[in-house]
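Per my numbering: the sequence shown ends with 505, consecutive numbering throughout.
Positions of the beta carbon are idealized from the N, C-alpha and C atoms, including for glycine.
None of these values were measured; they are calculated from a predicted model.
Below you'll find the structure, written out as structure tokens, and then a few comments.
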Amino acid sequence: MKDALTTALSPDFLEREAARLGALLADHVRSAQRREGPVLVQRSIEEILAALDFDRTVAHGGADLAALVATVLDNSNRLHHPRYFGHQVAVPMLSSSLADLVHGVLNNGMAVYEMGPAGTAIERGLLRWMRGKIGWGAEGDGVITHGGSLGNLSALLACRERVAPGSFKAGVPPGLVLLASEAAHYSVARAAAILGLGVDAVVKVAVDDALRIIPGALSRAYEEVKRAGKRVLAVVANAGATPNGAFDPVREIGAFCRREGLWLHVDGAHGAAARFTERYRDLLDGVELADSLVCDMHKMLGTSTLACAVLVRDPAALAGTYEQYAPYLHGDDERQGVDLSKLTFECTKAQLSLKLFFNLALVGEAGLSAHVERLFDAARRFHGLLARRPAFECFGAPQANILCFRIGRDSATQDRVRRQIVEEGSFYITRTTLRGESWLRLVIMNPQTTDGDIEALAARIEALAVERAPPP
Ligand SMILES: Cc1ncc(COP(=O)(O)O)c(C=O)c1O
């Protein structure tokens, strides 16, 4: 036991095991990239625990980490396989994976500047860089959160501070609503509940056939809210809607919000990355009019999970979101730097900024732009390939890198085909419900996916669709 505790802090152990695990991980990525083996093998929880010899391992320790990691790898979704099509989780650039290792060793908790000066400085630098890209110039502030759900909540909390000041202490006044796209991510409804508005306070704004907010529907919804004697907390627009990657007309929505004095929050968790590209930046035309925006780095910016940039135009709104004072943390106003725990719900948090910083340090802005463009381009090409096969119907042309399509019209067939494809393991695809019907969904996250992979997937789906459904 004493020896093991010594080993746990031994630099020699780190050096030796990092080399062994590094070799294992590199082999894992290499074989996935060569399309060897399935994308995913799904075993039961009990089977996986048994393969890890879980009970004995936790009771006695002394296990061989490399052997355990081999079992973890065998029972994980292999995102580096070019036949992995989503969810909206990046195939991480390995530079960002190394950032996880660096953070894991340093473990700087970042609640206060002293507990992570480098991570904090890099976070401030990245957020400044992003604000420049979205056209706010030197304006605004921001914070990085563990993911887009928390990011949306954080931005809307900052908004609440401006629209209904004092809510943090006294609770929210009655009659506040959110105007959000019908295609908004479910975290917006959750945020409404947590903000104290309740889920029913999310007024859904109608969308067109491509799931983009109809500007006329927005102004009608707003008039109805006013007639009902209620007040709008924020308008939430999508820059990359979850179901199909649709971009709302942000310029028109922004102009409307400016006219009416409403806070515009852009949920760019998926698609804000388009703003960092050369060729797709206009998908976010008008984003400079937004009051807040979120951008998940672990979706389109090639980082491992989770890292979400929350940008807020009014620094005072963000700074006023949280009022708690923790004497053990925030006791000395004379210290230098910024204490990030004053800007986010989280107290301790990981040095999330390292992930994107390491990616940029490797590929630069131009490389990041090329990465996003490549995925968006691929979705357009794959849409063309599917649209040419008469068996398939596409849910419109993709704006981003999410493609929805179906074979036949029967929802049960889509669900069965998707289940069978995933069980076979040779592809990983997702499904969604659009206008009450099931559709197959591909999120093109892997830059190494080729036209041949899509043709092979299409052929397999066609073959499965004509098979009779297995008996229940
Ligand atoms: C548009 C949108 N917003 C928010 C989220 C939530 O992000 P996260 O999974 O990082 O919490 C998602 C996730 O898919 C999303 O697509």
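Spatial neighbours of residue i in its chain, beta-carbon cut-off 7 Å, leaving aside the 5 residues before and after
i	result
Ala261	none
Thr310	Ser402, Val405, Glu406
Leu387	Ala132, Val135, His136, Gly152, Ile155
Gln481	Gln66, Pro115
Leu244	Ala216, Ala274, Pro276, Asn277, Ala279
Arg291	Leu322
Gln432	Gly278, Ala279, Phe280, Leu316
Check: residue i C-beta below 8 Å from any heavy atom of ligand 1
i	result
His298	no
Leu339	yes
His120	yes
Gly173	no
Val327	yes
Asn277	no
Ser220	yes
Asn108	no
His113	no
Gly181	yes
His331	yes
Gly184	yes
Gly94	no
Gly335	no
Gly294	no
Ala274	yes
Ala254	no
Asn434	no
Ala243	no
Ala306	no
Ala302	yes
Asn271	yes
Own chain partners of residue i with C-beta closer than 6 Å, once the 5 adjacent residues on each side are dropped
i	result
Ala224	Asn185, Leu186, Leu189
Asp23	The structure shown does not extend to residue 23, since the chain is modelled only from 34 to 505, so the question has no answer here.
Arg474	Cys437, Thr463, Arg464, Thr465
Tyr313	Ala307, Phe409
Lys259	none
Val268	Leu212, Cys290, Leu295, Leu297
Ala226	Val232
Glu194	Ala350, Gly353, Thr354
Straight-line Cα distance separating residue j from residue i
i	j	result
Arg161	Asp174	8 Å
Ala548	Phe460	Residue 548 lies beyond the stretch modelled for the chain, which goes from 34 to 505, so this question has no answer here.
Arg451	Asp484	20 Å
His179	Met143	13 Å
Gly158	Gly152	10 Å
Gln453	Pro348	50 Å
Ala491	Arg421	11 Å
Gln121	Val476	6 Å
Gly469	Arg442	12 Å
Leu326	Ala216	17 Å
Glu147	Ile155	14 Å
Leu385	Ala307	21 Å
Pro125	Gly335	5 Å
Thr381	Leu42	22 Å
Asn108	Gly294	51 Å
Leu373	Val135	20 Å
Gly168	Glu50	45 Å
Leu82	Val91	11 Å
Val396	Leu127	11 Å
Ala197	Ser129	39 Å
Arg284	Ala250	15 Å
Glu426	Ala445	16 Å
Val299	Glu257	22 Å
Nearest-angstrom Cβ-Cβ length linking residue i and residue j, presumed shorter than 8 Å
i	j	result
Tyr355	Lys375	6 Å
Ala270	Ile246	6 Å
Val320	Ala272	7 Å
Leu393	Phe428	Not really, about 34 Å apart at Cβ, beyond 8 Å.
Leu418	Ile487	5 Å
Val232	Ala222	5 Å
Ile435	Ala412	7 Å
Arg111	Val72	5 Å
Val62	Gly458	That pair is no contact at about 18 Å.
Close Cβ partners of residue i (< 8 Å) along its chain, the five nearest in sequence each way excluded
i	result
Ser54	The amino acid at residue 54 is misidentified as Ser; the sequence shows Leu. Cβ within range, chain order: Leu98, Ala99, Val102.
Asp242	Gly429
Glu508	An answer regarding residue 508 cannot be provided, because it is not within the stretch 34 to 505 covered by the chain.
Leu24	There is no way to answer for residue 24, as the model of the chain reaches only from 34 to 505.
Closer than 9 Å to chain D by CB, residue i
i	result
Arg67	The question asks about chain D, but that chain is absent: this structure has only one protein chain.
Q: Just list the beta strand (DSSP E) runs in the region 301 to 329, keeping only unbroken ones of 3 residues or longer that don't cross its boundaries, in chain order.
A: Those beta strand (DSSP E) runs which fall completely within the region 301 to 329 and span 3+ residues are 325 to 329.
Q. Which whole runs of the beta strand (DSSP E) in the region 336 to 376 are 3 residues long or more, in chain order?
A. Contiguous beta strand (DSSP E) elements confined to the region 336 to 376 occur at 341 to 345, taking only those with 3 or more residues.
**Q.** Continuous beta strand (DSSP E) assignments of at least 3 residues falling wholly in the region 424 to 465
**A.** Within the region 424 to 465, the complete beta strand (DSSP E) segments at least 3 residues long are 425 to 427, 435 to 440, listed from N- to C-terminus.
**Q.** Segments of 3+ residues assigned as beta strand (DSSP E) that fall wholly inside the region 236 to 268
**A.** Considered as a whole, the region 236 to 268 harbours no complete run of any beta strand (DSSP E) with no fewer than 3 residues.
Q.
Give the list of continuous beta strand (DSSP E) stretches no shorter than 3 residues that lie fully inside the region 165 to 234.
A. Taking only runs of at least 3 residues, the beta strand (DSSP E) segments lying wholly in the region 165 to 234 are 174 to 178, 209 to 214.
Q.
Runs of 4 residues minimum, wholly inside the region 77 to 115: which ones carry the alpha helix (DSSP H) assignment?
A. Counting only unbroken stretches of 4 or more residues, the alpha helix (DSSP H) elements lying wholly within the region 77 to 115 are 78 to 84, 87 to 93, 98 to 107, in sequence order.
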